[in-house]
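Asks:
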Amino acid sequence: FFETSFIISNTFLVLLVFLSIISIPVSMSILLARDFAKTRKNLEKKLAEVETLSAKTLEQEQEKQKILETQKEVLEVQVNERTAEIVEQKTIIERKNKDITDSIDYAKTIQKAILPTNAFRKKVFPDSFVLFKPKDIVSGDFYWLAEKNGKRIVAACDCTGHGVPGALMS
């Protein structure tokens, strides 16, 4: 009986040692599995947060692009409007410039008609010359020659500060 009981107790002891040895890795595996499960859950939460933030960021970027496109279109319309205004103003200025130049050219014709001819000057003053160089198209200064009762008359007129209108009125 003693031998049977010794065998049973030895077997029980061996079984107990065997269970003790195996229980450490099994319990460690269980603990590690539980930690890995927690870590996996945390990582899944973080991944979900990252995906949400990424989606929001992408949405915000798309909205920024829409705003930029709208601003670009508005600016293009403004540039086109201002360009049209400038072209219109340029056309007006060119037309007015042509009108003014035409008027000045006509004033030159009037001034030439008022100035004595070279033939008359040679007749009255045979050894004379005239140096008449208007700064612009029409001169603000003018000269005049006449012969009356055998007397020769010369006038050199300076309309400083009055320009063409002063010369024509004088």
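All residue numbers for the sequence shown refer to our numbering, where the first residue is 6 and numbers rise by one. Just so it is clear, CB atoms sit at the ideal spot from N, CA and C, and this is done for glycine as well.
#1: Give the DSSP-derived three-state secondary structure of PHE2 in the structure shown.
#2: Are the beta-carbon atoms belonging to CYS164 and ASP141 less than 8 Å from one another?
#3: Going by the C-beta, is ILE72 closer than 7 Å to any heavy atom of the ligand NAP?
#4: Go to ILE158, then tell me how far its beta strand (DSSP E) extends in each direction, as first and last residue.
#5: Taking all protein chains shown into account, do 16 or more other C-beta atoms lie within 10 angstroms of the C-beta of VAL19, making it buried, or fewer, making it exposed?
#6: With a CB to CB cut of under 6 Å and the five nearest residues on each side skipped, what residues in its chain are close to ASN85?
#7: Rounded to a whole number of angstroms, what is the C-alpha to C-alpha distance between THR75 and ALA89?
#8: Measure the C-alpha to C-alpha separation of VAL129 and GLU93 and round it to an integer number of angstroms.
#9: Secondary structure at PHE147, three-state DSSP: helix, strand or coil?
#10: Here's the rule: buried if 16 or more other CB atoms are within 10 angstroms of the residue's CB, otherwise exposed. What is SER144?
#11: Determine the DSSP secondary structure at LYS138, reduced to helix, strand or coil.
#12: Go through its chain and collect everything with a Cβ distance to ALA151's Cβ below 6 Å, but skip five positions before and after it.
#13: Could you name the residues that DSSP lists as bridge partners for LYS153?
Replies: According to the structure shown:
#1: Absent from the model: residue 2. The displayed extent of the chain is 6 to 175, so no value can be given.
#2: No, they are not a contact pair.
#3: Of ligands this structure carries none, so the ligand NAP is not represented either.
#4: 156-162
#5: It is exposed - the Cβ of VAL19 has fewer than 16 other Cβ atoms within 10 Å.
#6: none
#7: 21 Å
#8: 54 Å
#9: strand
#10: When all chains shown are included, SER144 counts as buried.
#11: coil
#12: ILE158
#13: LYS156
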